[in-house]
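Quick note: to get my numbering, add 98 to the position in the sequence shown (first position is 1). Heads up: the structure comes next, in structure tokens.
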Amino acid sequence: MATILIFSVIILVTIFVPVLAATWLRRRYETPWMVFVVGALAFGVSQAIHIPLNNLLLALKVLPRDVNYAALWQTALIMGLTAGVSEALARAGSYTLLKRRRSGADGVMLGLGHGGIEMMFLGGALVAAGFSSFHSTPFEKMLEMVKSPEQMQALELQAKVFGQLTWVSFLPLVERLMALSLHVSLSLMMLQAFRQKNILFGVLTVFYHALTDAAAVFLAYNVDSLLLKELPVAIMALPAVVLTLKFWGPRKSEQTRRTSKFTRELALFAIAFRKEVTELWRTRRFLVTIAVFVLFGVMSPLLAKFMPEMIKNMEEAKMFADLIPEPSATDAVTQYLKNLSQFGFITVILLSMGGVVGEKERGVAAVILSKPLPRWVFIGSKFAAQVLMLACGFIISTLGAWYYTAVLFKPVDVGTFALINVLMLIWLSVFATVTLLGSVIAKSNGAAAGIGLGASMLILLLGNIPGWGGLMPSGVMAWANQLGTLSNETVPANGGAVAMSLVLVIMLVIGSVAVFEQQEL
Numbered sequence: 099m100a101t102i103l104i105f106s107v108i109i110l111v112t113i114f115v116p117v118l119a120a121t122w123l124r125r126r127y128e129t130p131w132m133v134f135v136v137g138a139l140a141f142g143v144s145q146a147i148h149i150p151l152n153n154l155l156l157a158l159k160v161l162p163r164d165v166n167y168a169a170l171w172q173t174a175l176i177m178g179l180t181a182g183v184s185e186a187l188a189r190a191g192s193y194t195l196l197k198r199r200r201s202g203a204d205g206v207m208l209g210l211g212h213g214g215i216e217m218m219f220l221g222g223a224l225v226a227a228g229f230s231s232f233h234s235t236p237f238e239k240m241l242e243m244v245k246s247p248e249q250m251q252a253l254e255l256q257a258k259v260f261g262q263l264t265w266v267s268f269l270p271l272v273e274r275l276m277a278l279s280l281h282v283s284l285s286l287m288m289l290q291a292f293r294q295k296n297i298l299f300g301v302l303t304v305f306y307h308a309l310t311d312a313a314a315v316f317l318a319y320n321v322d323s324l325l326l327k328e329l330p331v332a333i334m335a336l337p338a339v340v341l342t343l344k345f346w347g348p349r350k351s352e353q354t355r356r357t358s359k360f361t362r363e364l365a366l367f368a369i370a371f372r373k374e375v376t377e378l379w380r381t382r383r384f385l386v387t388i389a390v391f392v393l394f395g396v397m398s399p400l401l402a403k404f405m406p407e408m409i410k411n412m413e414e415a416k417m418f419a420d421l422i423p424e425p426s427a428t429d430a431v432t433q434y435l436k437n438l439s440q441f442g443f444i445t446v447i448l449l450s451m452g453g454v455v456g457e458k459e460r461g462v463a464a465v466i467l468s469k470p471l472p473r474w475v476f477i478g479s480k481f482a483a484q485v486l487m488l489a490c491g492f493i494i495s496t497l498g499a500w501y502y503t504a505v506l507f508k509p510v511d512v513g514t515f516a517l518i519n520v521l522m523l524i525w526l527s528v529f530a531t532v533t534l535l536g537s538v539i540a541k542s543n544g545a546a547a548g549i550g551l552g553a554s555m556l557i558l559l560l561g562n563i564p565g566w567g568g569l570m571p572s573g574v575m576a577w578a579n580q581l582g583t584l585s586n587e588t589v590p591a592n593g594g595a596v597a598m599s600l601v602l603v604i605m606l607v608i609g610s611v612a613v614f615e616q617q618e619l
């Protein structure tokens, strides 16, 4: 239990460190959240270039499929160069897009976005996926799935990192922190290419990155020690810190900004949060949400119990009466999940679409922000109120569904049923946040709903990507559905999908604040 708790803390720290660093930077210097968002998008663009490029080189046999010692240096250098070129191009594109953002703080913020999203994904979601899978799957079953020496090596590495709490357990966090500092330095190097109009800094960015990755790839194949595997990143991160201080320092005094005390902003957040909850109650949206969740919480066990009876009594279906199985508690939980995943999804989008755009249309947002109220408080309070509304709906629907399932069938394990509902809350929170971003971008309620629905469908489609789809929010829903079978067999946990959903929520909220900061009301 202690191992699970410590690893959960490590994963949360890994996810929140880039956000906290960017928050400090935003409060201290005149660099907007949009720079962080562009940096994160740049990482996605770089991978969209990097992965197909490596696949092309494999197809052309420039990269060997079977790596031996003789070809290892070639493979390491080529993979390092493709990574360096891809990410350098993405950084250059970011600075081209952000024409007016040329301060040192802007370079650091871009690096935090670029390296931060990588840190959240690799050090947060992937570590959570590996840890949860290792601890929820019997070791004998994992051994049965091993088909090659490489898979056995991977399993042994998982056992070292996740098996018991040692200094090795903290290695993913330390490695990601070093990589984050490296990304910040590389972003500042590329910034110098634009500041000084000197392409040599861009070339330096490519080769610095390539050398680091090449050394890491080479040692990964030749060294057993986990510490030595991380040595290239550690060595290259040290001068990166020096370069960060050198490139950032000269204009430091020019970038400082005055902000109110954070405690005062938290007090304003509490006031704005109360205002949002009151507004949700006054406009009946809170009551509508509770009513919808209660309806499906109560109706799902009733439908599971009596729908087969109703079908049997239909004249046209009497010949099939013997084929209809007796309903069970599993049917009740399955019906509950099906109803909330369909109607709850639609309800969340409809109730979230007017959160910001409605107040912009009526001119209320401009009046509120003239107080003055920080824009992050305005967006954050709306997000928090929506999550509270969903949580209250789930609490009541959970109680109703569990009670009627127990009365009509048999009691369901409380812990399992509670976990199912927590997973559903996480899943729906992603789409509530997507719609919040749509409400910030759009100029009408209809457009906000369209953006929210379109983006939500895209996220659902990402769940079908082979190999990676399980890390998307769809993986959270799949875990809930597996638990809903009420099987006596151990259900593999999908902590990676939960962590990835948290990352998506964080980035969508930051994106909403970033867009809202750029708007004139």
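Yeah, the Cβ is synthetic: ideal placement off N, Cα and C, and Gly gets one too. Only a predicted model underlies this, so the values are computations on that prediction, with no experimental measurement involved.
Going by Cα to Cα distance, which pick from the options is closest to residue i?
i: T194; options: I149, P150, G137, P162; result: G137
i: K480; options: S572, I104, L156, E374; result: E374
i: A312; options: I297, G461, P330; result: P330
i: Y434; options: V206, W474, T583; result: T583
i: T173; options: R189, V315, I369, L302; result: V315
i: A64; options: M132, P472, A546, N519; result: Because the chain here runs from 99 to 619, residue 64 falls outside it and cannot be looked at.
i: A483; options: M522, G228, V446; result: V446
i: L393; options: F492, V117, L448, A612; result: F492
i: L284; options: L602, L326, V339, L271; result: V339
i: M575; options: L526, Y127, L534; result: L526
i: L364; options: G142, H281, L155, F476; result: F476
i: F260; options: L280, H281, G228, Q290; result: G228
i: S439; options: A402, G395, A463, G461; result: G395
i: R460; options: V225, N543, A308; result: N543
i: L179; options: V304, D204, N153; result: V304
i: A553; options: N562, I563, L535; result: L535
i: L220; options: L110, K159, N296, L324; result: L110
i: L486; options: A100, L170, F371; result: F371
i: R200; options: M177, T129, T235, V160; result: T129
i: H233; options: V611, A257, M555, L556; result: A257
i: L155; options: A146, L170, I176; result: I176
i: L343; options: K239, L302, V538, V206; result: V206
i: L366; options: S537, P116, G478, A226; result: G478
i: E615; options: H307, W131, L123, I108; result: W131
i: G214; options: L298, P116, M522; result: P116
i: L620; options: V611, I297, L289; result: Lying outside 99 to 619, the shown extent of the chain, residue 620 is not represented and no answer is given.
Taking its Cβ as the centre, do 16 or more other Cβ atoms sit within 10 Å of residue i, making it buried, or is it exposed?
i: G182; result: buried
i: S585; result: exposed
i: I604; result: buried
i: Q617; result: exposed
i: D429; result: buried
i: P423; result: exposed
i: R382; result: exposed
i: I104; result: exposed
i: S51; result: Because residue 51 is not part of the residues shown, which for the chain are 99 to 619, the question remains open.
i: F360; result: exposed
i: M52; result: Beyond the ends of the chain as shown, which are 99 and 619, falls residue 52; an answer cannot be given.
i: V510; result: buried
i: E587; result: exposed
i: S351; result: Summary for S351: the model assigns pLDDT 48, below 50, so the residue's position carries little reliability, and this model does not support an answer.
i: V532; result: buried
i: P348; result: Residue placement at P348 cannot be trusted, given a pLDDT of 46 that sits under 50; the coordinates are not used to answer.
i: G513; result: exposed
i: G142; result: exposed
i: R362; result: exposed
i: L196; result: buried
Just to check my reading of the structure: residue i and residue j have Cβ atoms closer than 8 angstroms, yes? What is that Cβ distance to the nearest angstrom?
i: G211; j: L286; result: Contact flag wrong, Cβ pair sits at about 13 angstroms.
i: V528; j: S599; result: 5 angstroms
i: Y502; j: L400; result: 7 angstroms
i: V455; j: K327; result: No, V455 and K327 are not in contact; Cβ-Cβ is about 49 angstroms, not under 8 angstroms.
i: A499; j: S398; result: 6 angstroms
i: V135; j: G609; result: 5 angstroms
i: W566; j: A595; result: That belief does not hold up - the Cβ atoms of W566 and A595 are roughly 11 angstroms apart, past 8 angstroms.
i: L271; j: T112; result: 5 angstroms
i: A190; j: G300; result: 6 angstroms
i: E216; j: A157; result: Their Cβ separation, rounded to whole angstroms, is 26 angstroms, which puts E216 and A157 out of contact at 8 angstroms.
Step through the CB atoms of chain B and report whether any lies within less than 8 angstroms of the CB of residue i.
i: E615; result: Note that chain B does not occur in the displayed structure, where there is just one protein chain.
Please confirm whether any heavy atom of the ligand NAP lies closer than 7 angstroms to the CB of residue i.
i: L602; result: This structure does not include the ligand NAP; it has no bound ligands of any sort.
request  = Report the residue ranges of all beta strand (DSSP E) runs contained in full by the stretch 421–505; include only those spanning at least 3 residues, in chain order.
outcome  = none
query = Where in the stretch 255–330 do unbroken runs of the alpha helix (DSSP H), each at least 4 residues long, occur, reported from the N-terminal end onward?
reply = 269–293, 297–320, 324–327
key: Minimum length 4: unbroken alpha helix (DSSP H) runs contained in the stretch 149–226   = 167–195, 202–216
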